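This report concerns only the one structure given below.
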Amino acid sequence: MKLLDCPLIGRRPISEFDYVGEVRKPPVDCDTATWAAFVFNRQGAPSVLRERWYHRPTGYWFILDRDTLTDEVKAIVDAREVRYDIPA
Amino acid sequence: MSWKLLKYGFKRSHDEPRFFPEPKELKSHYDVVIIGGGGHGMACAYYLAKEHGITNVAVLEQGYIGGGNTGRNTTIVRSNYLTPEGVKFYDTSVKLFEDLSDEFDLNIFYSTRGHFTLAHTDSAMRTMRWRAEVNKHYGIDSEVVGRDEIGKAVPYMDLECAGHTPVMGALYHAPGSVARHDAVAWGYARGAYNRGVEIHQRTRVTDIRTRDGRVIGVDTDRGAISCGKVISMVAGSTPRITEMLNLPTPIEIFPLQACVSEPVKPFMDTIVVSGSLHVYVSQSSRGEMVMGASVDPSVLHSTRSSFDFVEGLADQMVDLFPFMSRLKVMRQWAGMSDMTPDFAPIMGKTPIEGFYLDAGWGTWGFKATPVSGKTMAWTAANDQTHELIEPFRYSRFADFDLVGEKGAASVGH
Chain A
1 MKLLDCPLIG RRPISEFDYV GEVRKPPVDC DTATWAAFVF NRQGAPSVLR
51 ERWYHRPTGY WFILDRDTLT DEVKAIVDAR EVRYDIPA
Chain B
1 MSWKLLKYGF KRSHDEPRFF PEPKELKSHY DVVIIGGGGH GMACAYYLAK
51 EHGITNVAVL EQGYIGGGNT GRNTTIVRSN YLTPEGVKFY DTSVKLFEDL
101 SDEFDLNIFY STRGHFTLAH TDSAMRTMRW RAEVNKHYGI DSEVVGRDEI
151 GKAVPYMDLE CAGHTPVMGA LYHAPGSVAR HDAVAWGYAR GAYNRGVEIH
201 QRTRVTDIRT RDGRVIGVDT DRGAISCGKV ISMVAGSTPR ITEMLNLPTP
251 IEIFPLQACV SEPVKPFMDT IVVSGSLHVY VSQSSRGEMV MGASVDPSVL
301 HSTRSSFDFV EGLADQMVDL FPFMSRLKVM RQWAGMSDMT PDFAPIMGKT
351 PIEGFYLDAG WGTWGFKATP VSGKTMAWTA ANDQTHELIE PFRYSRFADF
401 DLVGEKGAAS VGH
């Protein structure tokens, strides 16, 4: 069974987790083409992706750096590192 | 053993022609380079040579012919899609499939089975009615059927689905078929080769060269080639190719797994799909139950398979077919699905002159093999996107003009 380390309670079966996708910062006050590119385009090639995951039983959201070629978790990322200000 | 085979075995030299010839050296120039020697790539090479007289073509394949998603799908061919664009496109493909065995002089074991897409909820029934009406409008044989008809056609299925998600009805699509996927790639490859196309297996493209926004050649691990046109038909490896050109795409790669059971006597002559339970099953001509489910939950560039998949699949499958609990799983595998946000492919011209994309085949690529080859060959030959694939153009995302085919994906994602 495939397992993933939940930063809160440790190693759990992958079926307990939801994959949310890459953590991305939306462009603010941009033209339509930039917005379309943000909405649809993705980093599709193998890389280390910074991704949001959700552990359902504990209701815990967290962020991982994961290598999408080897499926190796490189780091657990503090949410404060990806925060950004929403303009007033 | 046949007499011919016995005699052949005792002969000193074996002069039967090879299905595929020994590889030659790469030439320094080709008019068209096709990246990817799967079904789509081979079909495109075949139609380029046959219908457009373009034979100075090289197909470059990093592995072996049909060794990617062509050899990893569950071989279902159908056209009961949801959108008019999808229905017209896949219907053309089904019609081409029906004649392929004759055209290739090679049996692709095209077997028309009838295809049930089960609905277990009111909302699924609504989608089935919608699909049936769109299909009928375009002349596709597709209708909503009730529990009685399903029970007669698939008597060994538990319509109560173990009590928790009873089957309410189904979309029945009589032309739904299965085919021998390897033979489709081999047939196209032989046809292309016989017309002068070069097929280079174990040849990996490492870079695509451009000048002033035009393709001028490709670099491979066997040397550089100059060419005027490049067609990328690599499904799960698409982002690696588009990255060489800094061409952004919405494609994300998710593994899609499948498995077969041990062979049993033929009993199942239909294809059964349940979108709600995320499973599909048919019986192969060898008697194996061919089973698949939805894609894995997270992005991964890998063809590893997992126990979680078989466990999840068996859980749902046994609800529908309780006797399958006694079958053993013989083999499981995975392919890399290039998923798009609207569950439709990305085909045709790109912002780079001479670079054509045939991608975004996600979980629906095998059934499109003939029509993709035909329309991409036309597109490359005329440097103009074929009208049948115009709705699938690369620029549709920037134009916010998506296709919206998710409702007709075989299983929920």
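In order, the protein sequence lines correspond to chains A and B.
Quick note: the first sequence, position 11, residue 11 per our numbering, numbers continuous.
Quick note: the second sequence, position 226, residue 226 per our numbering, numbers continuous.
Glycine residues also receive a C-beta, built at the ideal position from the N, C-alpha and C atoms.
Everything numeric in this text was worked out from a predicted model, so none of it was measured.
| B:Ile-199 and B:Val-329 look like a contact to me (Cβ under 8 angstroms); what is the Cβ gap, rounded to whole Å? | About 34 angstroms; that fails the 8 angstroms criterion.
| task | Check the Cβ of B:Pro-297 against every Cβ in chain A and list those closer than 8 angstroms, keeping chain order. | result | Ile-14, Phe-17, Asp-18 and Tyr-19
| 8 angstroms Cβ cutoff, B:His-413 in contact with chain A | Caution is warranted here: a pLDDT of 48 is assigned to B:His-413, below 50, making its placement in the model unreliable, and the coordinate value is therefore given only provisionally. For B:His-413, the answer is no, since every Cβ of chain A falls outside 8 angstroms of its Cβ.
| chain B contact residues for A:Phe-40, given Cβ-Cβ distances below 7 angstroms | Pro-250, Pro-341 and Phe-397
| field | Alpha carbon of B:Val-215 to alpha carbon of B:His-52, nearest angstrom | value | 21 angstroms
| message | On the DSSP bridge list, what partners appear for B:Pro-255? | response | B:Met-336
| query | Between B:Tyr-90 and B:Gly-373, which are expected to be in contact by the criterion C-beta below 8 angstroms, what is the C-beta distance as a whole number of angstroms? | reply | Not a contact, Cβ separation roughly 14 angstroms.
| Length-filtered (4 minimum) alpha helix (DSSP H) runs lying within the segment 276–345 of chain B | 307–320
| task | Can you grab the Cα-Cα spacing for the pair B:Lys-367 / A:Asp-29, in whole Å? | result | 42 angstroms
| said: So if I threshold CB-CB distances at 7 angstroms, which residues from the segment 64–80 of chain A count as touching chain B? | reply: Thr-68, Leu-69 and Asp-71
| field | For B:Asp-99, the residue or residues it bridges with in DSSP | value | The partner list for B:Asp-99 (beta bridge, DSSP) is empty, contrary to what the question assumes.
| task | Kindly indicate which three-state DSSP category B:Thr-117 falls into: helix, strand or coil? | result | strand
| Do B:Thr-249 and B:Ile-352 come within 8 angstroms of each other at the CB atom, strictly closer than that value? | no
| Within the 8 angstroms Cβ cut-off, does A:Leu-3 reach chain B? | no
| Mapping DSSP to helix, strand and coil, what is A:Asp-65? | strand
| Using DSSP with H/G/I as helix, E/B as strand and the rest coil, what is B:Cys-44? | helix
| Does the beta carbon of B:Glu-353 come closer than 8 angstroms to any beta carbon on chain A? | no
| message | Which of the three DSSP states is assigned to B:His-413 in this structure? | response | Residue confidence is low: B:His-413 scores 48 on pLDDT, short of 50, so the model does not pin down where it sits. No coordinate-derived value is stated.
| request: Measure the alpha-carbon distance for B:His-413 versus B:Arg-286 and round it to whole angstroms. | output: Reliability of the predicted coordinates at B:His-413 is poor, the pLDDT of 48 falling under 50, and the value obtained from them is presented with this limitation in mind. The alpha-carbon atoms of B:His-413 and B:Arg-286 are separated by roughly 29 angstroms.
| task | Measuring only between beta-carbons, confirm whether A:Pro-26 sits less than 8 angstroms from chain B. | result | no
| message | Under DSSP, the beta strand (DSSP E) around B:Ala-398 begins and ends at which residues? | response | Where B:Ala-398 is concerned, there is no enclosing beta strand (DSSP E), given that its DSSP letter is neither H nor E.
| message | Just to check my reading of the structure: B:Val-273 and B:Thr-117 have Cβ atoms closer than 8 angstroms, yes? What is that Cβ distance to the nearest angstrom? | response | 5 angstroms
| Considering B:Gly-191, what are the terminal residues of the alpha helix (DSSP H) in which it resides? | 181–194
| query | Taking the alpha-carbon positions, what's the B:Glu-103 to B:Gly-191 distance? | reply | 9 angstroms
| task | Could you tell me the distance, in whole angstroms, from the CA atom of B:Val-281 to the CA atom of A:Asp-78? | result | 43 angstroms
| field | 6 angstroms Cβ shell around A:Leu-4 - same chain, five flanking residues per side excluded | value | Ile-14 and Phe-17
| By DSSP, does B:Leu-26 sit in helix, in strand, or in coil? | coil
| request: Report yes or no: is there a C-beta of chain B within less than 8 angstroms of the C-beta of A:Ala-33? | output: yes
| message | Looking at the secondary structure, which residues open and close the alpha helix (DSSP H) in which B:Gly-373 lies? | response | 369–382
| Distance, Cα to Cα, B:Met-376 vs B:Thr-270? | 32 angstroms
| Whose C-beta lies closer than 8 angstroms to the C-beta of B:Met-291 among residues of the same chain, with five residues either side of it excluded? | Thr-74, Ala-258, Cys-259, Val-260, Ser-261, Val-279, Tyr-280, Val-281, Leu-313 and Met-317
| said: Which of the three DSSP states is assigned to B:Glu-143 in this structure? | reply: strand
| Helix, strand or coil at B:Val-197 according to DSSP, with G and I counted as helix | coil
| request: Would you mind stating whether B:Gly-146 and B:Gly-169 have Cβ atoms separated by less than 8 angstroms? | output: yes
| said: If we define contact as Cβ-Cβ less than 8 angstroms, is B:Pro-239 a contact residue for chain A? | reply: yes
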